Amino acid sequence: MTITIFLYCCLFFLGSFKADAACENEESSDPCVCIKDTPDIPPICAEVTTGDKLKESFATKAPKTVENIAITNAKDLTTLPAEVFGEVQTKNVKIVFTGLSSIDENAFKGSEHELLTIHLEGNDLANFDFKSLKTLTKLNSFTLTNDKLKEMPANSIADLPVMNTIILANNSISSIKNHAFHNLLAVEQIDLSKNDLTTIDEIFHFGNTTKKLTIDLSANKISSTNDNAFKDVNANYLNLTDNQLKTLTEKTFKPLLSYMNLTGETGKIELKGNPGSHDKANCWWLTEPSFKKSVSNFMFEDNGKEMNQMTDDELKKMCNTGSRMSLFRFETLVLASILVLLINSKMSEFGS
C-alpha cells in the first residue's frame, strides 16, 4: 500500500503551533515536517532541523492517532531517535530527501499497533536496523528506495503477518543472507531491482502463502543462483531482466515453473537482456511445452533465437542433441574406461 498523502512540506511544532511560512504548502522545498490528523483536512507543517529537535517538538503533544507524518528536504536530519514521535501514534510515515543515515531500533515505538506504511526515499541510509520492524503488527508496506543500502541480514523482514509490499529498489545491495524474507504469509510484491546482487541464495522463505507473488530482480548483476533459490516460492511473475544469466538450471527453476503451471494461469519468468545460453546440456528439461511458454526472452546464442520464438521441434533438437549427446559421450567414456581397467586387471591375473 502506497502512502496516499505525498506531503513535501513539514515540521510540526506541537502544542500552540503556527505553521512556518516556508512550510505552509505542499510544494515547499524547505526542510519541513507535516502532520495530517485525518484524510479530509489539510496538514499542519513547520520547519524541521535535527532528530533531537524533532523529538522535543513531539514530546509536547498530547496522545493522539494521526493519519500521516511526512518529513522532507531536511538535510540536517541525520538520525531518527528512539520514540521520536512521543505519544503521537501514526498510520503512515514518509521520510524523503533528507540527510537521514541512522534510524534507532525503537524509532517507531508507540505506533506498533497503528503503523501501516513506511516510505523512505532518497535519504543517506547505507544500513537499516530491520529490528525496528519486528513489533509493527499492522505494517503492510515497507519502502526503502533510491538510497545506499548495502546488505540484508538473515530474517531482515520476517514474521510480519500482513506485510504485502516490499520495495528495496535502486540501492547498492550486494549481499542478502538466507531467509532474509521469512514467514511473510500475505506478501504479494518484492522489488529488489537496480541493486548489485551477483547471486541469489535461499533468501526467500515465505511460509504457506497462497498470494499471487511478483518478484523483481531486474537490473542487477546476477550470474548464478542457488539450487534452492526459489524452492517453495509461489511466484506468478519473476523479473530477471538485464542480468548476467547464461543458463537456467533445472534444480533452480523447475519448481517455480511447475507452480506457475499448476495455478491454471500462465506465469512468467522474464529474461530479456541476459547474455544468452551456450549451455545446451542443461536446457533439455525446458522442452516441456508448458515450461517454454512461461520463459520470456531467453536467448540461445548458437542460433540467435529466443526460446519462445523456437518451435517445439527446434527446441527439442537443440537441447536434446546438446544434452543427451553430451551425456551419451560421457557415459560411453566412463564405460570404456571401466572396460579398459577390467581388461588390464584380467591380463595381470593371467600374467601372474
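Read in order, the letters of the sequence shown are residues -21 to -1, 1 to 331 in mature numbering (1 follows the signal peptide of the UniProt record, and there is no 0).
Note that the Cβ used here is the ideal one computed from N, Cα and C, for glycine as well.
Keep in mind the model is a prediction, meaning the values are calculated, not measured.
When you compare each of the options to residue i by their alpha carbons, which one comes out closest?
i: residue 90; options: 80, 115 and 131; result: 115
i: residue 273; options: 235, 298 and 57; result: 235
i: residue 42; options: 252, 66, 153 and 49; result: 66
i: residue 57; options: 32, 267, 188 and 150; result: 32
i: residue 120; options: 34, 80 and 73; result: 73
i: residue 404; options: 179, 9 and 164; result: Residue numbering for the chain in the displayed model covers -21 to 331; residue 404 lies beyond these limits and cannot be assessed.
i: residue 21; options: 133, 136, 49 and 190; result: 49
i: residue 109; options: 292, 62, 125 and 82; result: 82
i: residue 29; options: 19, 40 and 59; result: 59
i: residue 198; options: 186, 223 and 54; result: 223
i: residue 191; options: 9, 201, 214 and 202; result: 214
Who are the Cβ neighbours of residue i in its own chain at under 6 angstroms, not counting the five residues just before and after it?
i: residue 183; result: 160 and 212
i: residue 217; result: 194 and 248
i: residue -10; result: Below a pLDDT of 50, predicted positions are generally treated as unreliable, and residue -10, at 35, falls in that range; the measurement from the model is reported next regardless. 12, 14, 23 and 25.
i: residue 169; result: 145 and 194
Given a threshold of 16 other Cβ atoms within 10 Å of its Cβ, counted over all protein chains shown, does residue i qualify as buried or as exposed?
i: residue 269; result: exposed
i: residue 266; result: buried
i: residue 241; result: exposed
i: residue 237; result: exposed
i: residue 303; result: Only weak support is given to the placement of residue 303: the predicted model assigns it a pLDDT of 37, under 50, and the value that follows is read from those uncertain coordinates. So residue 303 counts as exposed.
i: residue 369; result: Since the first and last residues shown for the chain are -21 and 331, residue 369 lies out of range.
i: residue 55; result: exposed
i: residue 106; result: exposed
i: residue 245; result: exposed
i: residue 189; result: exposed
I'd like the list of long-range same chain contacts for residue i, defined as Cβ closer than 7 angstroms, with 5 residues on each side in sequence excluded.
i: residue 17; result: 46
i: residue 285; result: 276, 277 and 278
i: residue 287; result: 271, 272, 274 and 275
i: residue 298; result: 259, 262, 263, 265 and 266
Can you find the residues in the same chain that come closer than 8 angstroms, C-beta to C-beta, to residue i, ignoring five residues on each side of it along the sequence?
i: residue 118; result: 94, 95, 96, 97, 112, 139, 141 and 142
i: residue 152; result: 128, 129, 130, 131, 171, 174, 175 and 176
i: residue 62; result: 34, 85, 86, 88 and 89
i: residue 149; result: 124, 125, 126, 172, 173 and 174
For chain C, check one thing: does any of its Cβ atoms lie closer than 7 angstroms to the Cβ of residue i?
i: residue 195; result: The chain labelled as chain C is not found in the depicted structure, where only one protein chain is given.
In the DSSP output, which residue or residues are listed as bridge partners for residue i?
i: residue 25; result: 12
i: residue 170; result: 146 and 195
i: residue 213; result: DSSP lists no partner for residue 213.
i: residue 85; result: In the DSSP output, where bridge partners are listed per residue, residue 85 has none listed.
i: residue 74; result: 50 and 99
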